[in-house]
Amino acid sequence: MDPILRCTVCGATYRGYDKTTCEACGPWGILEVITPPEAQPLEGPGPGIRRFLPMLPIPPGAPLPAPPVGDTPLIEAPRLAAALGLERLRLKDEGRNPSGSFKDRASWVGATLARGRTAACASTGNAASSLAAMTAALGSPSMIFVPRRAPAPKLAQLKVFGATVFRVDGSYDEAYELCTQAIARLGWYDRNAAVNPYLVEGKKTCGLELGEALGMPDEDADWVAVSVGDGCTISAIWKGLREMYALGLLPRLPKLLGVQAAGSPAIFREWMDGGDDGPARAPGASTAETVADSICVGVPRNWRRAVRAVEESGGRMVLVADGEIDAALRNTARLGGVYGEPAAAAAVAGLSRAVKEGHVTGSAVAIITGSGLKDVAGAQRAGGEPIDVPPELGAVIEALERSEA
Ligand SMILES: *Cc1c(COP(=O)(O)O)cnc(C)c1O
Ligand SMILES: [Zn+2]
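The sequence shown maps to residues 2 to 406 in my numbering.
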C-alpha cells in the first residue's frame with residue numbers, strides 16, 4: 002500500500018511515492034510520512050538500514066543500493082564527558098557511513114525512489130556526495146549543485162562517483178534555488194531532503210538505531226545533541242526516537258539539544274520566538290556564514306519541524322561560535338577518539354556551552370554527523386601545522402626544546 006503523508010502546517014493528507022510539498026500550502030508546506038503503527042524493525046542483526054525496511058516508504062521489490070548504510074557505533078567517551086562536565090557521553094559516529102556522513106541514510110532511500118531517473122540535489126556537500134555514491138551503486142545518473150565554498154574533499158567524491166557537478170558562484174541558498182528551477186524545467190527526481198519527505202524517513206533510521214540502543218537496561222540518556230542546518234536531521238532523529246518509544250522499545254525519550262552556528266542562526270531564532278503554528282512561511286531572514294559548511298543555511302526549509310521536535314522533547318537550542326566548533330573538533334578527536342567535520346563537532350560544542358550555562362546535566366549522546374576527512378582544510382585550521390625539520394636528529398631535539406620552553 003502506498004505511503005500516507007500529512008502536511009505539517011494544515012494537516013492535509015496525501016498518498017504516494019512522489020509527493021513533495023503540500024498543494025494547499027505551497028513550497029513551505031512540508032509533508033511528513035506517517036509510519037503505520039504496526040511497522041517494526043526486522044528481527045536479527047543488520048545489515049544496517051535494511052533492518053528498518055518495514056518502517057520505510059520503499060515499494061516492495063525495489064532495488065536497494067548495496068553499500069551498507071547505518072549500524073554506526075555508539076562510542077563511549079569518558080574523558081570527553083569529564084572535560085565537558087557530563088556524567089556520561091557517547092558519540093554516535095555517523096562518519097562511518099559509506100560516503101562518510103549521516104546523509105547516506107537519506108540518499109539510500111532517495112536513490113531507491115528515483116528508480117533509474119536522473120536524481121538532482123543542491124547541497125553544501127554531504128547530501129550530494131552521498132547521492133552520487135548511492136545512485137552510482139544503482140547505476141543511475143545524478144545532477145549536483147554545490148555552492149562556491151564546498152570543501153574540496155566533498156567535490157572530489159562527487160566527481161569520482163561520476164556525478165554531473167554544477168559549482169554555483171553563490172551561496173548554498175542560491176545553489177538550492179537554481180537546482181529547484183532546473184528540476185522543474187528538466188523533470189529530474191528531487192533529492193532535496195528539505196522538501197522530499199521520504200528522505201527524512203531514511204534519516205530517521207539514525208533515531209531508530211539510537212532508540213534501540215538507549216532502550217537497553219541502564220543505557221538511557223538525558224540529552225541527544227544534534228547540529229542543525231536545514232532542520233531535517235534533528236526532525237528525523239526525533240521521529241525515529243518517538244517511533245521506538247511508541248513501539249515500547251525505548252522506555253524514556255531524551256531531550257534534544259539543537260545546535261546552530263552563531264553565523265547561521267535561522268532556526269535558533271525561530272525557536273527563541275517561541276515557534277509558530279501560523280500559515281506556511283519562510284523563516285525570518287538570517288545570515289549564513291560559518292566554518293561548519295554543512296550547517297551553513299540561510300533559508301532552512303524544515304525550520305518548523307525542527308523547532309517542534311526540540312519543543313516536543315522538552316529540549317532547547319544553542320548557538321556556538323566558530324572558535325568553539327574548532328575547539329570541539331580537536332577535543333572530540335583527542336579526548337573522544339572520533340574525527341568529525343566541523344558541523345559534526347558543533348554538536349559537542351553545543352553540549353559544552355549548554356553544560357556551562359547550566360541547561361544540560363547528566364548523560365548525553367552527540368551525533369557526529371560527518372567524518373573529519375570531509376573537510377581537511379577545516380581540520381588543519383583546527384589542528385594546527387606540523388613542525389618542519391630537515392632530516393637531522395639535531396633539528397628534532399632543538400625543536401622539542403623550543404616547544405617545551
Ligand atoms: C546535513 C548535515 C547536518 C545538518 O542537517 P540538516 O538536516 O541540514 O539540519 C549536520 N552535519 C552534517 C555533517 C551534515 O552533512
Ligand atoms: Zn498544507
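By construction, the Cβ of each residue, glycine as well, lies at the ideal position given by its N, Cα and C atoms.
Since we're looking at a predicted model, the values are computed, not measured.
Where the beta strand (DSSP E) containing residue i begins and where it ends
| i | result |
| --- | --- |
| D94 | R89 to D94 |
| V70 | Neither: V70 is in no beta strand (DSSP E) and is coded neither H nor E. |
| R168 | T165 to V169 |
| I398 | Counting along the chain, I398 falls outside any beta strand (DSSP E), though it belongs to the alpha helix (DSSP H) covering L394 to E405. |
| A63 | From DSSP, A63 is part of no beta strand (DSSP E); its letter is neither H nor E. |
| V366 | S364 to I369 |
Beta-bridge pairing of residue i - partner residues as DSSP gives them
| i | result |
| --- | --- |
| C122 | I145 |
| K205 | Answer by DSSP bridge pairing: none, since K205 is not bridged. |
| V321 | A262 |
| D191 | A121 |
| R16 | I5 |
| L75 | K93 |
| T22 | I31 |
| I50 | According to DSSP, which records beta bridges pairwise, I50 is partnered with nothing at all. |
| G341 | S372 |
| S102 | G371 |
Short CB-CB distance (under 8 Å) between residue i and chain B
| i | result |
| --- | --- |
| V390 | Within the model displayed, chain B is absent; a lone protein chain is all it includes. |
Alpha carbon of residue i to alpha carbon of residue j, nearest angstrom
| i | j | result |
| --- | --- | --- |
| A334 | A380 | 11 Å |
| G17 | L6 | 8 Å |
| W189 | I369 | 31 Å |
| E393 | R403 | 16 Å |
| D277 | Q261 | 19 Å |
| E202 | I50 | 11 Å |
| K375 | T288 | 24 Å |
| G264 | T291 | 5 Å |
| A116 | A63 | In the sequence as presented, Ala is not what sits at residue 116; that position holds Arg. The alpha-carbon atoms of R116 and A63 are separated by roughly 8 Å. |
| P148 | S364 | 37 Å |
| A329 | E342 | 10 Å |
| A121 | D274 | 34 Å |
| A226 | A396 | 45 Å |
| Y173 | C297 | 8 Å |
| G249 | R91 | 22 Å |
| A194 | P79 | 34 Å |
| F53 | Y177 | 30 Å |
| L156 | P218 | 43 Å |
| A378 | Y246 | 40 Å |
| G324 | A344 | 12 Å |
| L251 | L215 | 7 Å |
Start-to-end residues for the alpha helix (DSSP H) that takes in residue i
| i | result |
| --- | --- |
| I35 | Not the alpha helix (DSSP H): I35 falls in the beta strand (DSSP E), residues L32 to I35. |
| T113 | D105 to A115 |
| F269 | A267 to M273 |
| M56 | Per DSSP, M56 belongs to no alpha helix (DSSP H) and is neither H nor E. |
| Q158 | A153 to V161 |
| L139 | N127 to L139 |
| G384 | V377 to G384 |
| E313 | W304 to E313 |
beta-carbon residue i near ligand 1 non-hydrogen atom, thresh 7 Å
| i | result |
| --- | --- |
| D410 | Since the first residue of the chain shown is 2 and the last is 406, residue 410 is not available in this structure. |
| I235 | yes |
| V34 | no |
| K104 | yes |
| N127 | yes |
| A344 | yes |
| G316 | no |
| T370 | yes |
| G351 | no |
| D231 | yes |
| V311 | no |
| S295 | yes |
| S172 | no |
| V298 | yes |
Near ligand 2: residue i beta-carbon under 7 Å from a heavy atom
| i | result |
| --- | --- |
| V196 | no |
| A13 | yes |
| C26 | yes |
| G30 | yes |
| V339 | no |
| V366 | no |
| C207 | no |
| V70 | no |
| V10 | yes |
| C23 | yes |
I'd like the ranges of any alpha helix (DSSP H) spanning at least 4 consecutive residues and lying wholly in the stretch 210-260. Complete alpha helix (DSSP H) runs here, min 4: 233-247.
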